[in-house]
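First residue of the sequence shown: 1, per UniProt numbering; consecutive thereafter. In what follows, a single structure is set out as structure tokens and then discussed.
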Amino acid sequence: MGKLLEVQALDKHFGGLHATREVSFALEEGEIVGLIGPNGAGKTTLVNLITGVVRADGGSVVFRGRDVTAQRPWQAARSGLARTFQIVQPFPQMTVLENVCAGALFAGHAASLAQAERDAMDHLEFVGLAHEARRPATALTLPSRKRLELAKSLAMRPRLLLLDEVNAGLNSAEIDQALALMRAIAARGVTILLIEHLMKVVMSLSQRILVLHQGELIAQGEPQAVIRDARVVEAYLGSKFAARQAAHGVAATPAADTTTEVHR
Ligand SMILES: Nc1ncnc2c1ncn2[C@@H]1O[C@H](COP(=O)(O)OP(=O)(O)OP(=O)(O)O)[C@@H](O)[C@H]1O
């Protein structure tokens, strides 16, 4: 499989704060990769850089063999990059269906409004929201808004989908449903980069995990190895606690309890 995305030495600072420091990694076509890290590690900034929401101060992003570092969000969408936002914000004055149509139009995929609506209904069907299509988006519950966010991004027909905490605030049963949905999206051939604090989700979906800490990529690789990496344990638990756990031979990683939501 070929490389879909190549991020090289991506750098961003906000004033004196380094939000990402020379971050480099690649995604292969068809992978599901988890992006984890304590609060403020730079995960959302990284997704914002890849999708043109913020401009990089240094480094490059190559997507499908093309340098897309300076592209704007709508150009990113048209090139096959879609993302969800951590805070779900549907267009409040529109129906659920119209929100999904807006996704298709933003990415330039609708030949006509009628075609956009037919496609939007298919996406709503796929995420299990077809019965809510004519309701105002604001009438949806949180889990349904998350599904709407997914339908909107699928309407952009992405090759790469960047999911920013799509499971935050969901209960256990809703998370299981969301997991099934993400697997179904991946089965359609969409590559997924998943920002996630819920270790149950990260560990059961990811083929690889990337770990950010204070803007730096401190580890990447196969999930079981990464969560036992000493730098990762320390980033989450602090050096003293990690040393104590290691001395007692305890698995002090965030995945010791895979249902845990990991922040710090
Ligand atoms: N637009 C901005 N202006 C100033 N500082 C920012 C901006 N966006 C992010 N930051 C800062 O950059 C750092 C990284 O933030 P970011 O939101 O990328 O982290 P994160 O890993 O996504 O965190 P969380 O898990 O809490 O969402 C934080 O210190 C944050 O306060």
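Every residue gets a Cβ at the ideal spot worked out from N, C-alpha and C, and that includes glycine. Note that this is a predicted model, so its numbers are computed, not measured.
Identify, in the order they occur along the chain, each residue of the same chain with its Cβ nearer than 8 Å to the Cβ of residue i, setting aside the five sequence neighbours on each side.
i    : result
E28  : M1, G2, K3, L4, T191
A19  : K12, H13, G42, T45, G215
E117 : L97, C101
Given a cut-off of 9 Å, decide if residue j and residue i are closer than it, judged by their beta-carbon atoms.
i    : j    : result
A137 : F91  : yes
L150 : L193 : no
A107 : A133 : no
L49  : R55  : yes
Q220 : L210 : yes
A186 : F126 : no
A155 : V100 : yes
P143 : L170 : yes
Does DSSP classify residue i as helix, strand or coil?
i    : result
L129 : coil
R208 : strand
Q220 : strand
H123 : helix
D176 : helix
L193 : strand
F85  : coil
V7   : strand
L198 : strand
What does a CB cutoff of less than 6 Å around residue i pick up in its chain, not counting 5 residues either side in sequence?
i    : result
T84  : E149, S153, L163, D164, V166
E216 : R21
R72  : G52
Kindly list the residues whose CB is nearer than 7 Å to the CB of residue i, restricted to its own chain and excluding five residues on each side of it in sequence; keep chain order.
i    : result
E196 : G34, I36, E165, N167, V202
Q8   : S24, G59, S60
If you scan the segment 36 to 72 from start to end, which runs of the beta strand (DSSP E) of 3 or more residues do you find wholly inside it? Taken in chain order, the unbroken stretches of beta strand (DSSP E) that lie wholly in the segment 36 to 72 and span 3 residues or more are 58 to 63.
Whose CB is closer than 5 Å to a heavy atom of ligand 1? List the residues in chain order. Cβ-based neighbours of ligand 1 within the cut-off: F14, A19, N39, G40, A41, G42, K43, T44, T45.
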